[in-house]
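In what follows, a single structure is set out as structure tokens and then discussed.
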Amino acid sequence: MVKCSKRRKHAGWCLHKHLGRIPGQAPPPPQVHRPHLCYADPSIQTTQQAFKTSKKAAMHSSNHIIKFADGTTMVGFISKNDKSAYREEVQRLTACCGANSLSLNVDKTKEMFVDFRRAQRDHSPLIIDGASVEIVKSTKCLGVHLADNLTWSRNTSSITKKAKQRLYFLRRLRKAHLSPPILTTFYSETIESILSSCITTWFGNCTV
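Following numbering that gives the first Met the number 0, the numbering of the sequence shown begins with 0 at its first residue and continues without gaps.
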């Protein structure tokens with residue numbers, strides 16, 4: 000599985016006009032301040048839409064591409080140590096980004112292998128634009144921590160840590176004698192939402 004994030008090649012720029020006066024000249028009348036005129040390359044508005052609508056499906060049936068916002072996750076099934084389909088899909092994704100004025104952020108791109116064979120082999124790193132992709136033991140996908148051994152210990156620790164941090168504010172609100180409906184709303188919105196996030200994915204095999 001390879002998780003990559005994209006970044007735009009283009010950037011907008013702002014046109015500023017600074018008004019001044021010549022020394023000794025009478026001060027000018029008060030000026031009405033208007034917002035600065037901003038202009039962005041029109042291609043910026045179309046690159047994301049073009050990328051979303053082009054080549055949504057994977058070329059090979061053994062691969063799956065998942066896109067969300069500016070992040071892309073690709074999952075590939077490798078059989079008999081044949082990574083050709085998987086690596087070809089990555090190269091195709093890289094070319095698709097280049098064609099739509101996007102570039103893969105290799106520093107934020109991570110690769111993780113799920114391998115339960117007894118005789119595990121070392122995996123050669125993936126190369127994108129001449130840079131090697133870091134191979135990790137766990138990664139975060141849509142807010143859920145995934146581990147190469149398919150356990151949820153790290154995900155459970157992350158969720159409980161966030162929930163405990165927000166319990167402090169709930170106790171402060173209780174000390175301020177806020178009404179129970181307000182405390183219940185705060186708990187549901189800031190604590191329960193974290194504890195139940197993607198719960199159907201990890202609850203069945205939850206580990207601590």
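By construction, the Cβ of each residue, glycine as well, lies at the ideal position given by its N, Cα and C atoms.
Exercise for the section: Assign Val113 to buried or exposed, taking buried as 16 or more other Cβ atoms, counted over all protein chains shown, within 10 Å of its Cβ. Expected result: Within the sequence shown, the letter at position 114 stands for residue 113. Of the residues assessed, Val113 falls on the exposed side of the cut-off, its CB having fewer than 16 other CB atoms within 10 angstroms.
Problem - Cβ-Cβ separation, Leu182 to Gly194 (assumed contact under 8 Å), whole Å - result: Position 195 of the sequence shown, counted from the first residue, corresponds to residue 194. Position 183 of the sequence shown, counted from the first residue, corresponds to residue 182. As written in the sequence, residue 194 is Leu, which differs from the Gly given in the question. In fact, because the Cβ distance is near 16 Å, the residues do not count as touching under 8 Å.
Handout entry: Residues of its chain near His59, where Cβ-Cβ distance is below 7 Å and the 5 sequence neighbours each way are ignored
Key = Indexing the sequence shown from 1 puts residue 59 at position 60. Within the same chain, His59 has close Cβ partners Ala84, Glu88.
Handout entry: DSSP state of Thr159 mapped onto helix, strand, coil
Key = Taking the sequence shown and counting its residues from 1, one reaches residue 159 at position 160. Per DSSP, reduced to three states, the secondary structure at Thr159 is helical.
Exercise for the section: Please name the residue in Ile127, His144, Arg116 whose C-alpha comes closest to that of Val135. Expected result: Taking the sequence shown and counting its residues from 1, one reaches residue 135 at position 136. Per the Cα distances, His144.
Practice task
Could you check the C-alpha separation between Glu133 and Ala175 for me, to the nearest Å?
Solution key: Numbered from its first residue, the sequence shown carries residue 133 at position 134. Numbered from its first residue, the sequence shown carries residue 175 at position 176. Spanning the two alpha carbons is a distance of roughly 48 Å.
Handout entry: CB contact flag (Trp151, Cys197, <8 Å)
Key = Translated into the one-based positions of the sequence shown, residue 151 becomes position 152. Translated into the one-based positions of the sequence shown, residue 197 becomes position 198. Going by C-beta atoms, Trp151 is not nearer than 8 Å to Cys197.
Handout entry: N- and C-terminal bounds of the beta strand (DSSP E) containing Gly75
Key = Within the sequence shown, numbered from 1, the residue matching residue 75 stands at position 76. Counting along the chain, Gly75 sits inside the beta strand (DSSP E) bounded by residues 70-75.
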